[in-house]
Amino acid sequence: METAGRRTPFMMEAVSTASIVRSLLVILIAITLQAAPQAGISRPQIGLALSGGGARGMAHIGVLRWFEEHHVPVDYIAGTSMGGLAAGMYATGMTPDDMTTLVEATDWDLVLSSGPSYPDLSFRRKEDRREFSTSIEFGLKNGARLPRGLNDGHLIGLILDRVMLPYDTITSFDDLPVPFRTLATELVSGELVVFDSGSLPDALRATMSLPGIFTPFVSGDRIYADGGILNNIPTDIVRDMGADVVVAVNVGSPLLGFEDLDDLIDILGQSVAVMGIQNDRRNLELADVALVPELGMYTLMDFSNPGAVIEIGYRAAEAQADALLRYQVDDATWEAYLEDRLSRERTLMPVPGVVEVEGTNPRSSATIRKRLSRYLDAPLDWIRLEDDLTHIVGGGRFASLGYRVADGTRLVIGAREKSHGPPFVRMGLDIDAATEGTLNLSIGGRMTFMDLGAPGAEWRTDLRIGTEDVARSEYYRPFGGSAWFFAMRAGWEASTEGLFDAGNRIAELRTREKRVGLDLGFQVNGSSEIRAGYEIRSLSASVQTGDPGFTGGKGHFGNAFLHWVYDGRNQPLIPTRGIYVRLESRWFSEAENLVEDLVRTELEVSALVPVSQRGSVFLNFNAGRASRGTALPVQQFTLGGPFRLSAWNRGEFRDPRFGVASVGYLHDVAVLPPLVGDRLYAAGFYEVGRLYTAPNPSDLLHDFALAIGTRSPLGALWLGGAWGEGGQAKAFFRIGTLF
């Protein structure tokens, strides 16, 4: 009994041994936990902050690939601008490989261009681009107003809608596979807005609204621009989300040195960078690890080599491996992390039962619903849907169209109308100068009212002054939304043309004409139109100077015509591929001493075929014939001038029959500064032409020409020279379409 509660020496030895064993186990467990965290055991929560930087932001994909390959989990992610796009895609469950495929398959030149591509425009908008070739367009909605930006973001919006489609009904960005935030600058209040719920595509469209590139994103009475204006590296946002460890990736352009600040563009870019540099430095100090990919000369808009930029991002993470690998987890923890992420991923294969349209008037909504009715009661074909939405935007009425699927059955189309019109005014400038001293110049504009009296109906009025004075107007109206249409037209034109003899300008012919007409036509598709009509015309012609043997006169006559145009080119100004065909036949009734009773037919064909990434061969052919009568000067065809025998004077030859062809090569030489043009092109071509009645009907006329040109805000600018037989030569300068 005395021994009760007492420890014998043997018992004390046993207790001592047990304590030692327990202590060793604790130490071993602690060492193990420190070396490799186990599944189910708490670990630091890691957040990733991705900066804006335009095309340089593709480096974020390389960083994310390194994280996944090395089992470093991302528990929170936030991004600004292009960093917001990368963060948003990753947050929805896209892998770095998925993201790489997307950016490499995207035509970034098209996405960043001002609206749908030329092939996606409606036929009438193609006419606008050809006939009024400057990039200057403004609207008259509530007074004369310019657009809010160069790019309405339609195409980038479609990419966002497609990627984010399964998450339309999500209530909080915390419910995404990876909790996500993005930022935008609200321009009315000047406040930074953090998006943590709502529409994912809208949030990303807001953060990517880079001033001067994309039109600001409007939602209600709020106008959003790029979040990088106020916070380009959102480390503070990631910290507020709950991250214990914040990794920042800064892909912003570094400040230029003294020797690099050479021009206006450099100064503007540097000024913007300096305004945000203090915020960037402060936010980088909040990061536990900062990655700065060495992107060198890759610029904000250089999307030419996504793979190389992504690899630079991967190498930036590898360079910081020592700092990042301390957050690496073992296979079991990684698999548990992936399973948790996968459990929140959503897939959606909707079968829409109804189409709804938001953001426009009931009449336009009904038209869109009718056009998209083929998507009902079948799995959604988003490729065809996006093409259809882009073609609708190509009609010029809307800034952008987007889509989402609500409740799994409602296909909801979000329409954003242009803020500055209709009506719209598009400007045009044509200058044709050559070394013989002549200058032909016309400046003007086209005003278009849309949906006037019916969906798709337009009232279009053209005014030009200069060498050619024009005032004409047309009311165009489809029949019940079909491809058939009628058009009523009226106009007045006046022009002065040179008359030549053996290369010498011997007289000037001044013509004035009034006309009214009614047409019936069919728009085959966005590239082709057939039109037939009848005009009543009043024409006066007089010789201003000289004596060409033609006295002129005045008279009234009728003119019936059949006209077909196909435009399958990729550009209106300097195309690099595609085919253009115009076939027109006109019948003239007689007007004494001025117009003969005859049929006048003309064919024009232009074809361009790419033969390399930067070069295309082209063939142009133009021919015409007047039959059933003797064509007087005002009915004859003219030859001479660029691409119609460039070594001769413009309009030097007149003939009731002609043919001319040119074959050449067009090469993309270099990229130009934005204020000058987009790219510099060089063209070389050989021309051969024939006149059938004068001056020598049996002779062929030949010349060879060289020219350089660019697409500029004023239109296509060309400077060149041509050399023909007998020492014939001309230098020429042209603003306007060349072929």
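Its first residue numbered 7, the sequence shown is counted upward by one per residue in the working numbering. Ideal Cβ placement from N, Cα and C applies to all residues, glycine included.
Rounded separation between residue i and residue j - CA only
| i | j | result |
| --- | --- | --- |
| L363 | E499 | In the sequence on display, residue 363 carries Val and not Leu. Roughly 43 angstroms between the two C-alpha positions. |
| T221 | F144 | 14 angstroms |
| H708 | R369 | 56 angstroms |
| G690 | L118 | 30 angstroms |
| T716 | R154 | 25 angstroms |
| R656 | D553 | 19 angstroms |
| F745 | T444 | 21 angstroms |
| G302 | T366 | 45 angstroms |
| Y671 | G63 | 37 angstroms |
| L544 | Q641 | Looking at the sequence provided, one finds Ser at residue 544 rather than Leu. In a straight line, the C-alpha of S544 is about 14 angstroms away from that of Q641. |
| G434 | P719 | 10 angstroms |
| S2 | R168 | Here the chain has residues from 7 to 745 only, and residue 2 is not among them. |
| L723 | G99 | 47 angstroms |
| L108 | D158 | 21 angstroms |
| G226 | E423 | 13 angstroms |
| A20 | S48 | With a pLDDT of 37 at A20, under the threshold of 50, the modelled position of this residue cannot be trusted; read the value that follows with caution. About 35 angstroms. |
| E693 | K736 | 14 angstroms |
| T101 | S310 | 22 angstroms |
| W729 | R583 | 27 angstroms |
| S548 | F506 | 15 angstroms |
| A97 | S203 | 13 angstroms |
| V587 | L609 | 8 angstroms |
| G558 | L515 | 8 angstroms |
| M105 | I165 | 12 angstroms |
| I283 | V298 | 15 angstroms |
| M247 | Y173 | 20 angstroms |
| A329 | D308 | 30 angstroms |
| E192 | T213 | 10 angstroms |
| A597 | Q550 | 21 angstroms |
| D181 | R403 | 37 angstroms |
| W114 | S120 | 12 angstroms |
| P461 | P385 | 29 angstroms |
Nearest-angstrom Cβ-Cβ length linking residue i and residue j, presumed shorter than 8 angstroms
| i | j | result |
| --- | --- | --- |
| D294 | V251 | 5 angstroms |
| L189 | L198 | 6 angstroms |
| E110 | G313 | 7 angstroms |
| G527 | A496 | Their Cβ separation, rounded to whole angstroms, is 17 angstroms, which puts G527 and A496 out of contact at 8 angstroms. |
| I318 | A65 | 5 angstroms |
| I542 | V571 | Between V571 and I542 the Cβ distance is about 23 angstroms, and since that is not below 8 angstroms, they are no contact. |
| L651 | V666 | 6 angstroms |
| I585 | R575 | 7 angstroms |
| G459 | R483 | 7 angstroms |
| A323 | F491 | In fact, because the Cβ distance is near 59 angstroms, the residues do not count as touching under 8 angstroms. |
| H76 | L331 | 7 angstroms |
| R187 | I235 | Not a contact, Cβ separation roughly 17 angstroms. |
| L600 | L645 | About 22 angstroms; that fails the 8 angstroms criterion. |
Endpoints, the beta strand (DSSP E) within which residue i is located
| i | result |
| --- | --- |
| Y1 | Because residue 1 is not part of the residues shown, which for the chain are 7 to 745, the question remains open. |
| F404 | 404-412 |
| W724 | 721-730 |
| F201 | 197-201 |
| R478 | 474-484 |
| S644 | Note that residue 644 corresponds to Thr in the displayed sequence, not to Ser. First-last of the beta strand (DSSP E) with T644: 643-645. |
| H397 | Counting along the chain, H397 falls outside any beta strand (DSSP E), though it belongs to the alpha helix (DSSP H) covering 388-399. |
| V194 | Note, V194: premise wrong, no beta strand (DSSP E); not H, not E. |
| L524 | 510-531 |
| H426 | Per DSSP, H426 belongs to no beta strand (DSSP E) and is neither H nor E. |
| A493 | 490-507 |
Element boundaries [alpha helix (DSSP H), containing residue i]
| i | result |
| --- | --- |
| L164 | 160-170 |
| T213 | 206-213 |
| V257 | Neither: V257 is in no alpha helix (DSSP H) and is coded neither H nor E. |
| R136 | 129-137 |
| R245 | 241-247 |
Residue-chain proximity (residue i, chain B), Cβ-Cβ < 8 angstroms
| i | result |
| --- | --- |
| V530 | Judged by its chain identifiers, the structure shown contains no chain B, having just a single protein chain. |
Can you give, in chain order, each stretch of the beta strand (DSSP E) that sits fully within the segment 533-593 and has at least 3 residues? 534-551, 559-573
Taking the runs of the alpha helix (DSSP H) that are 4 residues or longer, which of them lie wholly in the segment 73-116? 88-97, 102-111
Ordered list of beta strand (DSSP E) runs contained in the segment 595-631, each at least 3 residues: 604-616
For the segment 283-371, which segments carrying the beta strand (DSSP E) assignment without a break, of at least 3 residues, lie completely within its bounds, in sequence order? 295-297, 360-364
Please confirm if the segment 120-128 is in contact with the segment 85-98, defined as three or more CB-CB distances below 8 angstroms between the two stretches. no
Quick one: complete beta strand (DSSP E) runs, 3+ long, within the segment 431-460? 445-456
Along the chain, which unbroken stretches of the beta strand (DSSP E) at least 3 residues long are found entirely within the segment 47-73? 52-56
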